[in-house]
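Below you'll find the structure, written out as structure tokens, and then a few comments.
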Amino acid sequence: MPVPHPLLEGTGRLRDGGAAADRPRRDRPSGRLPLRRTDRTPEHAHHAQGDAVNDADTRLAAAPADPAPAGERPAVAAVRRAGTRLIASGQVAVRDGKLLAEGRVGENVAFDEARACARQCARNVLTAVRDELGGLDGIEQVEAVTIWVACVPGFTDQHLVADAATDLFLEVLGETAGRHARAALGVAALPTGSPVEVQAAFRLRS
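Following the working numbering, the numbering of the sequence shown begins with 168 at its first residue and continues without gaps.
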């Protein structure tokens with residue numbers, strides 16, 4: 168028969184007759200040691216957070232009431248990334264430093280010109296994302312696209328102009344990653360006189 172192990176399972180005591188049966192027991196502190204809490208923010212972190220808030224409050228109080236002169240661009244990023252989510256800023260219809268067209272659809276911009284502008288805007292969005300990520304393979308999904316069309320009152324084909332941008336996302340990223348939720352809006356005017364502006368949100372591969 169196999170010889171049983173001298174320690175009783177789960178007790179840490181010797182069987183009767185063991186070699187150390189007569190050894191005196193060491194006194195152990197009664198009760199368990201208190202567990203160390205790990206859900207508390209370190210004291211220095213509280214100070215750091217408080218300092219950051221205080222610094223922001225100080226800067227707000229010191230900020231001039233009047234804005235900077237027009238034309239001085241604020242610190243706007245082409246894209247902003249947070250974890251697996253990426254937001255691309257709105258892009259206008261610029262190619263090689265020039266607008267493809269300028270004005271409003273139904274006034275001095277033809278319908279087909281507006282669609283070409285929408286496609287160029289989408290291309291500019293994808294270019295900004297590619298420059299940030301180093302490539303487009305990191306995109307898992309285009310989540311949402313917003314397309315603004317500068318147009319005259321009564322023009323109601325914004326969705327058809329927007330289709331040209333949607334088509335490019337699908338062509339480049341495929342039916343699965345490129346398909347997205349969308350809003351197409353008509354407005355009186357857009358920055359720099361561009362007939363179209365496109366903004367998009369993406370989910371990245373983890």
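For glycine and all other residues, C-beta sits at the position ideal for the given N, C-alpha and C.
Straight across, the Cα-Cα distance linking E299 with V246 is about 7 Å.
Ranked by how close their Cα comes to the Cα of F369, the residues N221, Q258, V292 have V292 in first place. The C-beta of R372 has fewer than 16 other C-beta atoms within 10 Å across all chains shown, which makes the residue exposed. A Cβ-Cβ separation of about 7 Å places A344 in contact with V309 under the 8 Å criterion.
The continuous beta strand (DSSP E) containing F369 extends over residues 363-371. Residue burial annotation: L335 is buried, with at least 16 other C-beta atoms found within 10 angstroms of its C-beta.
Contact annotation, L357 with A295: C-beta distance approximately 17 Å; criterion of less than 8 Å not satisfied. Leaving aside the five residues that flank G353 on each side, the residues in its chain whose CB is nearer than 7 Å to its CB run, in chain order, V316, C318, F322, Q325. Contact holds between the segment 280-292 and the segment 251-271, because three or more Cβ pairs, one in each stretch, are under 8 Å apart.
If you look at L303, you'll find it isn't in any beta strand (DSSP E); DSSP assigns it neither H nor E. C-alpha of A283 to C-alpha of A332: approximately 9 Å in a straight line. A249: member of the beta strand (DSSP E) spanning 246-249, first to last residue. For L253, the enclosing beta strand (DSSP E) begins and ends at 252-259. Judged by DSSP in its simplified three-state form, E310 adopts strand. Around the beta carbon of A281, 16 or more other beta carbons sit within 10 angstroms, so the residue counts as buried. With fewer than 16 other beta carbons inside 10 angstroms of its own, V243 counts as exposed. According to the DSSP assignment, G345 belongs to the alpha helix (DSSP H) that extends over 325-345. G270 counts as buried, since at least 16 other C-beta atoms from the protein chains shown sit within 10 angstroms of its C-beta. Shortest Cα-Cα distance from I306 to any of A355, D279, R346 involves R346. In this structure, DSSP gives V296 a helical state, which the three-state scheme calls helix.
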